[in-house]
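S.K.:
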Amino acid sequence: MAVLSKDNGVALYAQVRETLRNRIVNGSYQPGERLPAEEALTAEFGVSRMTVRQGISDLLDEGLLYRKRGIGTFVAQRHVHRDHNRLTTFFDSAESESFEARIAVLKQEVLLSRHLVARSLNILEGEPVFHIQTLRFADGLPITLHDEFIPYKLCPEMLDHDFTQVLSWEALERCGFRIKQAVQRVEAIAADGQTAKLLETEIGAPLLYKERTVVAEDGTPLEFALCYNRGDRYSLTTTLTR
Numbered sequence: 010m011a012v013l014s015k016d017n018g019v020a021l022y023a024q025v026r027e028t029l030r031n032r033i034v035n036g037s038y039q040p041g042e043r044l045p046a047e048e049a050l051t052a053e054f055g056v057s058r059m060t061v062r063q064g065i066s067d068l069l070d071e072g073l074l075y076r077k078r079g080i081g082t083f084v085a086q087r088h089v090h091r092d093h094n095r096l097t098t099f100f101d102s103a104e105s106e107s108f109e110a111r112i113a114v115l116k117q118e119v120l121l122s123r124h125l126v127a128r129s130l131n132i133l134e135g136e137p138v139f140h141i142q143t144l145r146f147a148d149g150l151p152i153t154l155h156d157e158f159i160p161y162k163l164c165p166e167m168l169d170h171d172f173t174q175v176l177s178w179e180a181l182e183r184c185g186f187r188i189k190q191a192v193q194r195v196e197a198i199a200a201d202g203q204t205a206k207l208l209e210t211e212i213g214a215p216l217l218y219k220e221r222t223v224v225a226e227d228g229t230p231l232e233f234a235l236c237y238n239r240g241d242r243y244s245l246t247t248t249l250t251r
């Protein structure tokens, strides 16, 4: 039974919010678990239903909770958070958030480049590229389907690497390239059947889709990547200045 104070200067809804937050953080409420009904929380906290709703609303806004219409409110899965003010790898982000990261290689092949890939890498359409498709996991849950394309001529030994252990950026640096920056476009899309199956989500579920071109210090495009990130398990931050 939670005991709230009416004398400490902290609004009751905020005390409800922080009590629920602590239960989520300490594991009392597990990811995917349904939150107790509003009636039960109202009785436990000894406050009005409006006060409980306001506390829950803040946690919904933060992404710690989510609602299923007609079913209830549930604890969200932890998000892999990417700081897009810096050029970091998936392993860097997972480590900073204390996730256990793993990569499964789905495809590792040489293809002839098509229009979008060729244009993004500034090569002729039909030139050979390495195609590496990976599925990236955090704490055993699939987070990102990652398709990347690298000009074959830049690093012919690329296919010799084990991409469950060595990321493509490391392989490119072993070939003598220094990565300087990346340009990317982000949009929200709905998961198609194949992507939903790989990411273990529903068809039509929201995905955060990214197209990214990585460039070397001399301006050479090194990698073009398509990233399909689960919207319920992935978030990003950017800093905007004026």
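Using the numbering used here, the first residue of the sequence shown is number 10, and each one after it goes up by one. Just so you know, even glycine gets a beta-carbon here, dropped at the ideal spot from N, CA and C.
(1) Measuring alpha carbon to alpha carbon, tell me which residue in F186, L120, P151, T28 is nearest Y161.
(2) Using only CA atoms, which one of L74, F54, L21 lies nearest to V34?
(3) Within a Cβ cutoff of 7 Å, which residues of the same chain sit near V89, ignoring the five residues on either side of it in sequence?
(4) State buried or exposed for M167, treating a residue as buried only when at least 16 other CB atoms are found within 10 Å of its CB.
(5) Relative to the alpha-carbon of G79, which residue among A191, E53, A46 has its alpha-carbon at the smallest distance?
(6) Compare the beta carbon distance of I132 and K116 with 8 Å and say whether it is the shorter of the two.
(7) Pick helix, strand or coil for K15, following the three-state DSSP scheme.
(8) Taking G36 as the reference, which of G18, Q86, L50, K77 has the closest Cα?
(9) Using 8 Å as the cut-off, can you tell me whether the region 122–137 makes contact with the region 165–184, which would need three or more C-beta pairs spanning the two stretches below that distance?
(10) For T28, name the three-state secondary structure that DSSP assigns.
(11) Is it right to say V19 is buried, meaning 16 or more other beta carbons lie within 10 angstroms of its own, or is it exposed?
(12) Which stretch, first to last residue, makes up the alpha helix (DSSP H) that contains S244?
(13) Quick one: which unbroken alpha helix (DSSP H) runs of 4-plus residues sit fully inside the region 65–147? Chain order, please.
(14) Straight-line CA distance for Y38 to G228?
(15) Could you give the distance in angstroms between the alpha-carbon of E71 and the alpha-carbon of E179?
(16) In angstroms with no decimal places, state the Cα-to-Cα distance between R58 and L207.
(17) Spatial neighbours of I112 within its chain, please: C-beta separation below 6 Å, excluding the five flanking residues on both sides.
(18) What runs of the beta strand (DSSP E), each 3 residues or longer, lie entirely inside the region 139–194?
M.R.: In short, the structure shows the following:
(1) L120
(2) L74
(3) S102, A103, E106, F108, A147, I152, R242, Y243
(4) buried
(5) A46
(6) no
(7) coil
(8) Q86
(9) no
(10) helix
(11) exposed
(12) Unbroken run through S244 is the beta strand (DSSP E), 243–246; no alpha helix (DSSP H).
(13) 99–105, 124–130
(14) 49 Å
(15) 35 Å
(16) 40 Å
(17) T143, R145, T173
(18) 150–160
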